[in-house]
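Visitor: Structure provided below as structure tokens; questions to follow.
In this note's numbering, the protein residues as written are 3 to 344.
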């Protein structure tokens, strides 16, 4: 649709497309007056465009000559979302009036990394930038959704194909830190998966809980689990697969052809089983798992590790939404401490 600078799934070297896009996204916007409604007569088109970087990009690099409509399509508790309809097609735009470009940079890098696997469909990111009144935006491909979430079997197969296709020679982590919901997600490259998951996933969430809620009980028990969880991985072959990272029902859909679509990622390279950490609100069924494991065979100990990966997201929900999720997280920790006799 548009001749745009795209992200690279490889490490963002100083000459890579990813690096160039990040530099563009981080470049301070030119000083502009606040947006006002103005009569078209007597004003130059470029002066009007200069006040709205979203419209400016769509009407220049997006190759549209006119915007025919802008409609709100909802959004989560973090961002607002709109569809911009133009004579060059539709664009999906998310904005956040409070947070800078780093959150959307991470999302764009993740989307492009998943897109480059040529497996499951994801919206192609086009542009990340700053809003003149504060905050940031991301422009991406608009995908018309179908009436259902699509075929579970096809979804399982396509997701497994993505995991199988994308591996990292830098091992576990990602090129940038990103967010899981609005919680920071630390993606420092780490050679060992258990170390990465212990420090940057469970450990980081436990530290946040202590800071926010002063919950020393769950912190102490969580640390005991971290120190004793190695036996849960015995016999498993663990490879650094590209993960969506936040795969719940709201981030899963299908296009009008019934092909599965995933969006709003929190990508990193990790153990493929960690992808199922949101299964408690993702609706994965038997057909999904059957198709998935035909492509990515189930590893020994899968059932024992399943709740360990749920735990990260329960802890994050505790941090995001409060103590209503504490009992679920504590129950998982207690069960593992009994199992491991720790």
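Cβ coordinates follow ideal geometry from the N, Cα and C atoms, glycine included.
Closest to residue 277 by C-alpha separation, out of 321, 65, 333, 199, would be which residue?
Guide: Numbered from its first residue, the chain shown carries residue 277 at position 275. It is 199.
Visitor: What does the Cβ neighbour count give for residue 120, buried or exposed, with the cut at 16 atoms within 10 Å?
Guide: The residue you call residue 120 lines up with position 118 of the chain shown. Looking at its Cβ environment, which holds fewer than 16 other Cβ atoms inside 10 Å, residue 120 is exposed.
Visitor: If I follow the unbroken beta strand (DSSP E) through residue 130, where does it start and stop?
Guide: Translated into the one-based positions of the chain shown, residue 130 becomes position 128. Here the beta strand (DSSP E) through residue 130 covers 127-132.
Visitor: Return yes when the Cβ of residue 311 is within less than 9 Å of the Cβ of residue 319, no when it is not.
Guide: As a first step, residue 319 must be located in the chain shown, where it is residue number 317. As a first step, residue 311 must be located in the chain shown, where it is residue number 309. Not a contact, by the Cβ cut-off of 9 Å.
Visitor: On a CA-only basis, which of 61, 322, 163, 254 is nearest residue 215? Give me that one, please.
Guide: As a working note, residue 215 is residue 213 in the chain shown. Ranking 61, 322, 163, 254 by Cα distance to residue 215 puts 322 first.
Visitor: Taking the beta carbon of residue 259 as the centre, do at least 16 other beta carbons fall within 10 Å, making it buried, or is it exposed?
Guide: The sequence position of residue 259 within the chain shown is 257, counting from 1. Burial call: exposed.
Visitor: Excluding the five sequence neighbours on either side, which residues of its own chain have a C-beta within less than 7 Å of the C-beta of residue 190, listed in chain order?
Guide: As a first step, residue 190 must be located in the chain shown, where it is residue number 188. Around residue 190: 175, 202.
Visitor: What is the rounded straight-line gap between the Cα of residue 150 and the Cα of residue 163?
Guide: Translated into the one-based positions of the chain shown, residue 150 becomes position 148. Translated into the one-based positions of the chain shown, residue 163 becomes position 161. Spanning the two alpha carbons is a distance of roughly 22 Å.
Visitor: Which ranges does the beta strand (DSSP E) cover as unbroken runs of at least 3 residues, wholly within the stretch 130-174, from first to last along the chain?
Guide: Entirely contained in the stretch 130-174, the beta strand (DSSP E) runs reaching 3 residues are, in chain order, 138-143.
Visitor: Return the bridge partner residues of residue 73 from the DSSP annotation.
Guide: Within the chain shown, residue 73 is the residue found at index 71, counting from 1. Paired residue(s): 85.
Visitor: Quick check on DSSP: helix, strand or coil for residue 62?
Guide: Numbered from its first residue, the chain shown carries residue 62 at position 60. Reduced to three states, the DSSP call for residue 62 is coil.
Visitor: Among 170, 212, 211, 210, which residue has its Cα nearest to the Cα of residue 192?
Guide: Residue numbering aside, residue 192 sits at position 190 when the chain shown is read from its first letter. The candidate whose alpha carbon is nearest that of residue 192 is 170.
Visitor: Out of curiosity, what's the CA-to-CA distance linking residue 220 and residue 103?
Guide: If you number the chain shown from 1, residue 220 lands on position 218. If you number the chain shown from 1, residue 103 lands on position 101. Each residue's Cα considered, the two are about 33 Å apart.
Visitor: Taking DSSP's pairing of strands, which residues face residue 95 in a bridge?
Guide: Position 93 of the chain shown, counting from 1, holds the residue named residue 95. Looking at the DSSP assignment, residue 95 forms a beta bridge with 84, 141.
Visitor: In three-state DSSP terms, what is residue 329?
Guide: Looking up residue 329 in the chain shown gives position 327. In this structure, residue 329 counts as helix in the three-state DSSP scheme.
Visitor: Just to confirm, is the Cβ distance from residue 239 to residue 301 under 9 Å?
Guide: Within the chain shown, numbered from 1, the residue matching residue 239 stands at position 237. Within the chain shown, numbered from 1, the residue matching residue 301 stands at position 299. Yes, these two residues count as a Cβ contact at 9 Å.
Visitor: With DSSP collapsed to three states, give me the class of residue 271.
Guide: On the chain shown, position 269 is the one that residue 271 refers to. Residue 271 falls in the strand class under three-state DSSP.
Visitor: For the beta strand (DSSP E) that residue 245 lies in, which residues bound it at each end?
Guide: Locating residue 245 in the chain shown gives position 243, where the first residue counts as 1. Note, residue 245: beta strand (DSSP E), 243-245.
Visitor: Mark residue 236 as exposed unless 16 or more other C-beta atoms lie within 10 angstroms of its C-beta, in which case mark it buried.
Guide: Locating residue 236 in the chain shown gives position 234, counting from the first residue. Residue 236 should be labelled exposed.
Visitor: Quick check on the burial criterion: 16 or more other C-beta atoms within 10 angstroms. Buried or exposed for residue 24?
Guide: Sequence index remark: in the chain shown, residue 24 carries index 22 (1-based). Because residue 24 carries a pLDDT of 41, less than 50, the predicted location of this residue cannot be relied on, and the following value inherits that uncertainty. Burial call: buried.
Visitor: Residue 95 and residue 157 - do their beta-carbons sit closer together than 9 Å?
Guide: The residue given as residue 157 occupies position 155 in the chain shown. The residue given as residue 95 occupies position 93 in the chain shown. No, Cβ-Cβ distance for residue 157 and residue 95 is not below 9 Å.
Visitor: Specify the secondary structure class of residue 56 as computed by DSSP and reduced to three states.
Guide: By 1-based counting over the chain shown, the position of residue 56 is 54. Reduced to three states, the DSSP call for residue 56 is helix.
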